[in-house]
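Structure first, commentary second.
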Amino acid sequence: MKKKIDPAMTPSLSKSPTGITGLDEITGGGLPTGRPTLVCGSAGCGKTMLAMEFLVRGAAEFGEPGVFMMFEEHAAELTANVRSLGVDLDQLVKQKKIALDHVHIERSEIEETGEYDLEGLFIRLGHAIDSIGAKRVVLDTVEALFAGLPNHAILRAELRRLFRWLKDRGMTAVITGEKGDGNAITRYGLEEYVADCVITLDHRVHEQISIRRLRILKYRGSAHGTNEYPFLIGEHGISVLPITSLRLNHAAPTERLSTGMARLDEMLGGQGVFRGSSVLVSGSPGTGKSSVGAKFAEAACSRGERAVLFAYEESSAQIIRNMRSIGIDLAPWVKKGLLQIHASRPTLQGLEQHLLSLHDTVQAFRPAVVVVDPISNLTSERSDAEAKPTLMRLIDFLKQQQITTLFTSLTTEGTDPSAAENSQVGVSSLMDAWMLLRNVEFNGERNRMIFVLKARGMAHSNQVREFVLSARGIDLVDVVLGAGGVLTGNARVAQEAHELAAAELRRDDHARKLRQLASKRKAIEAQIAALHAEGEAEEAEVTFAIAQETLQEKTTQQNSAAMSQLRGGTNDNKGRKIGNSPTKAKQ
Amino acid sequence: MSTTTKAKAYELRLYVAGQTAKSLAALANLKRICETHLAGQYRIEVIDLMKTPQLAAGDQILALPTLVRRLPEPIKKIIGDLSNEERVLVGLDVQPIKE
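Protein chains in written order, with the numbering used here: chain A, 9 to 595; chain B, 1432 to 1530.
So, in structure tokens, the structure goes:
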């Protein structure tokens, strides 16, 4: 770096904090103490606002009273202008923390004759400084003098003297200047006199959306951020978004948060995502991204945590109505004050402005979970290179607050399945976990599938799940592997039915076989019984035959006895009686 | 031109900062011009801003020395050491008296 001019300076340049969000970060502590800083830019780029905030914050926060010398606006106008930022200038003036002086010069009233100098300006400034013991001075816009005073040679000499004088008095000064034509930093070359620190502001419109940028052109004796930083004028003044100055030093909690979908948690190592991590859910239209986001927010609320849902597609009433159709009722949480839904059109303001309002909301509400739906809408009108640093800034901010964030992102559905993945490359590297939702068209229907593309620091499933939205809520269903690959939807149901039928058939078959066996057994038993009966019958027959034969034998014996009697003629009656017997036996 | 000579038609105020060469020159020049062209019609008030700096804002004083014509209306300002008599007269809207 160049040799320091002021030998009284301490080795490291002392700096006066501006109190402007982000500006102190990129300047490494603020503007150079006791030196003038030139802030230049075209009309309406926020010069006066920056200068005013520097002064007001100096007076209110850092105990450094300041003099605001205005050459264009009236004190009343300025007071009104800064009141919109919530600053009561009158009060500060009354407390002798700020002195206002309106320097007005009308060319038509002035006649010039002979030698003069601008000692009057010095006296006024000196008087104002002494009256409140000021440490800071703003000259806005000193260039107006060029229009009021005809003799520019004198004016230039006096301005040089003025800046020198401010330096000698140890005033930390901000001098604003109008941007010149072409490459000129200022219209009247003020940068010649103010050489310590030069900040340029720029206000451009890109794709109908205005973007303000700040750049430190020069900061003698100090390292500083050299990039162009987007800045915003919000409700609380100026915010510069320093992107690259942020370090990656946020804490990494090991606590895990449920996504509200048990099966999804299961895919993420069984416990869900890490607290403070950022999760991307991307997918083509209608894949259920918003539903995942709403469920995530609902899960946080049911744990008793606060959640904010930033919606850029639907109004909050519409979200509540639509989510009710899949069994997610957000209305009670909104009523309870645990959930805030911020719906706005992405084209309402630039990306930075959106991020600022997001930032402000988060600061005010202090949620544990933030859902941005969808992030792709915010970045749509910006190139990846532009949007990425801003998103990085946002993600870092949320991480530092240990807020778990879920971003949804719309991808275009192409024929190439990897197109969806490729289109997110810019943002995805900032994310800790990335889930992809995809529509699969097969068998005459579209079905949703979900899979975890990455999940830093946790074992995660490599499986594709079918993502089913119904009145009962979100369900993740195992897909069925059929002959033609992964089956979903009706094909899955059909396959399942098919398998079920086959099982039933098998069961039936078994029953039939059992029945057959039973009847066979019965037949055998019957056979056995028949055989038994046959045996018995035979036995009976044999017994009968034996009896018959015995009888016959007896009869024969009797007959022969009778015959022998008859032949002997001994017993007539006996013979008759016996004679009857054989007939009986024959019967 | 006003015909009433006794009333001070011209009320002039000269702002200076200390006894610098420029302030002294301006006062001397002013007195000479007034005596020549506005004899008896003028009143000069000299304000040294070194002593009363709070008065500078009231008349929107920036350059020094500055001559302010407070009367007659409208207010006119002439900056510089008033060395150019002709321009001072134009500035004060005074018809020069021809010798």
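In this text, a Cβ means the ideal position worked out from N, Cα and C, and glycines have one as well.
Within chain A, partners of residue i - CB distance below 9 angstroms
{"i": "Y1422 of chain B", "result": "Residue coverage of chain B in this structure runs from 1432 to 1530, which leaves residue 1422 of chain B outside it and unanswerable."}
{"i": "G1489 of chain B", "result": "Under the 9 angstroms cutoff, chain A gives no residues; its nearest Cβ is about 10 angstroms from G1489 of chain B."}
{"i": "I1506 of chain B", "result": "E117"}
Test: residue i CB closer than 7 angstroms to a CB of chain E
{"i": "T121 of chain A", "result": "Protein chains A and B are contained in the structure displayed, whereas chain E is not."}
Where residue i falls, given that 16 or more other Cβ within 10 Å makes a residue buried
{"i": "E72 of chain A", "result": "buried"}
{"i": "K592 of chain A", "result": "With a pLDDT of only 48 at K592 of chain A, under the threshold of 50, the placement of this residue in the model should not be trusted; the figure read from the coordinates follows. Exposed, by the Cβ-count rule."}
{"i": "P238 of chain A", "result": "buried"}
{"i": "T252 of chain A", "result": "Residue confidence for T252 of chain A is low, a pLDDT of 47 falling below 50, so the modelled location carries little weight and cannot support an answer."}
{"i": "I532 of chain A", "result": "exposed"}
{"i": "G1511 of chain B", "result": "buried"}
{"i": "G1471 of chain B", "result": "exposed"}
{"i": "F552 of chain A", "result": "exposed"}
{"i": "N1460 of chain B", "result": "buried"}
{"i": "A510 of chain A", "result": "exposed"}
{"i": "D148 of chain A", "result": "buried"}
{"i": "D204 of chain A", "result": "buried"}
{"i": "S247 of chain A", "result": "buried"}
{"i": "V146 of chain A", "result": "buried"}
{"i": "T295 of chain A", "result": "buried"}
{"i": "V213 of chain A", "result": "exposed"}
{"i": "E512 of chain A", "result": "exposed"}
{"i": "T26 of chain A", "result": "buried"}
{"i": "T558 of chain A", "result": "exposed"}
{"i": "Q361 of chain A", "result": "buried"}
{"i": "V501 of chain A", "result": "exposed"}
{"i": "G543 of chain A", "result": "exposed"}
{"i": "L182 of chain A", "result": "Checking the displayed sequence, the identity of residue 182 of chain A turns out to be Val instead of Leu. By the 10 Å Cβ count, V182 of chain A comes out buried."}
{"i": "T496 of chain A", "result": "buried"}
{"i": "I13 of chain A", "result": "Because I13 of chain A carries a pLDDT of 41, less than 50, the predicted location of this residue cannot be relied on, and the following value inherits that uncertainty. That one is exposed."}
{"i": "M571 of chain A", "result": "exposed"}
{"i": "T267 of chain A", "result": "buried"}
{"i": "K226 of chain A", "result": "buried"}
{"i": "G465 of chain A", "result": "exposed"}
Residue span of the beta strand (DSSP E) that contains residue i, given as start and end
{"i": "N89 of chain A", "result": "Looking at the DSSP string, N89 of chain A is not in any beta strand (DSSP E); the run it does join, the alpha helix (DSSP H), is A83 to R91."}
{"i": "R212 of chain A", "result": "C205 to H214"}
{"i": "P44 of chain A", "result": "P44 to G49"}
{"i": "P238 of chain A", "result": "E236 to G242"}
{"i": "L1508 of chain B", "result": "One detail in the question is off: residue 1508 of chain B reads as Lys in this sequence, not Leu. Per DSSP, K1508 of chain B belongs to the beta strand (DSSP E) from K1507 to I1510."}
{"i": "I106 of chain A", "result": "I106 to H110"}
{"i": "V146 of chain A", "result": "R144 to D148"}
{"i": "L1498 of chain B", "result": "T1497 to L1502"}
N-terminal and C-terminal residue of the alpha helix (DSSP H) that residue i is part of
{"i": "F154 of chain A", "result": "A152 to G156"}
{"i": "N1460 of chain B", "result": "A1452 to H1468"}
{"i": "E306 of chain A", "result": "K297 to S310"}
{"i": "T563 of chain A", "result": "G497 to G576"}
{"i": "L167 of chain A", "result": "H160 to D176"}
{"i": "T369 of chain A", "result": "L359 to F373"}
{"i": "M130 of chain A", "result": "In the sequence as presented, Met is not what sits at residue 130 of chain A; that position holds Phe. E127 to I140 is the extent of the alpha helix (DSSP H) around F130 of chain A."}
{"i": "A181 of chain A", "result": "That residue, A181 of chain A, is in no alpha helix (DSSP H); its beta strand (DSSP E) goes T180 to E186."}
Those residues which DSSP pairs with residue i across a bridge
{"i": "W442 of chain A", "result": "A:L288 and A:K462"}
{"i": "H350 of chain A", "result": "A:F318"}
{"i": "S56 of chain A", "result": "Residue identity differs from the one stated: residue 56 of chain A is Thr in this sequence, not Ser. Per DSSP, none; premise fails for T56 of chain A."}
{"i": "S478 of chain A", "result": "A:G481"}
{"i": "Y1441 of chain B", "result": "B:Y1473"}
{"i": "D1479 of chain B", "result": "B:V1447"}
{"i": "V379 of chain A", "result": "A:L317 and A:L414"}
{"i": "V248 of chain A", "result": "A:F239"}
{"i": "L222 of chain A", "result": "A:L209 and A:Y237"}
Residues that residue i contacts on chain B, provided the C-beta gap is smaller than 9 angstroms
{"i": "V111 of chain A", "result": "A1488, Q1491 and L1493"}
{"i": "L157 of chain A", "result": "L1493, A1494 and I1510"}
{"i": "H135 of chain A", "result": "L1480, P1484, Q1485, A1487 and A1488"}
Contacts that residue i makes with chain B (C-beta to C-beta distance below 8 angstroms)
{"i": "H214 of chain A", "result": "Those within 8 angstroms of H214 of chain A in chain B number zero; the least Cβ separation is about 41 angstroms."}
{"i": "Y124 of chain A", "result": "K1453, A1494, L1495, P1496, T1497, I1510, G1511 and D1512"}
Chain A residues whose Cβ lies nearer than 8 angstroms to that of residue i
{"i": "L1480 of chain B", "result": "E127, G128 and I131"}
{"i": "V1521 of chain B", "result": "E119"}
Partners in chain A for residue i, counting only beta-carbon separations shorter than 7 angstroms
{"i": "R1518 of chain B", "result": "E119 and T121"}
Any non-hydrogen atom of the ligand MN closer than 6 angstroms to residue i Cβ
{"i": "S299 of chain A", "result": "Ligands are entirely absent from the displayed structure, and the ligand MN is therefore not among its contents."}
Validate contact between the region 1506 to 1525 of chain B and the region 134 to 145 of chain A using beta carbons, cut 8 angstroms, 3 pairs: Because the criterion of three Cβ pairs below 8 angstroms is not met, the region 1506 to 1525 of chain B and the region 134 to 145 of chain A do not touch.
Are three or more beta carbon pairs between the region 1440 to 1457 of chain B and the region 1476 to 1487 of chain B nearer than 8 angstroms? Using a Cβ-Cβ distance cut-off of 8 angstroms, the region 1440 to 1457 of chain B and the region 1476 to 1487 of chain B are in contact, since at least three pairs of beta carbons, one from each stretch, lie closer than that value.
Would you call the region 113 to 121 of chain A in contact with the region 1493 to 1509 of chain B, where contact means no fewer than 3 C-beta pairs closer than 8 angstroms? At 8 angstroms Cβ cutoff, the stretches touch.
Taking 8 angstroms as the threshold, find out whether the region 347 to 354 of chain A comes into contact with the region 315 to 323 of chain A through three or more Cβ pairs. By the Cβ test, the region 347 to 354 of chain A is in contact with the region 315 to 323 of chain A, since at least three Cβ pairs between them sit closer than 8 angstroms.
Inter-stretch contact at 8 angstroms, needing at least 3 Cβ pairs: the region 122 to 131 of chain A / the region 83 to 96 of chain A: Judged by Cβ distances under 8 angstroms, the region 122 to 131 of chain A makes no contact with the region 83 to 96 of chain A, as fewer than three pairs qualify.
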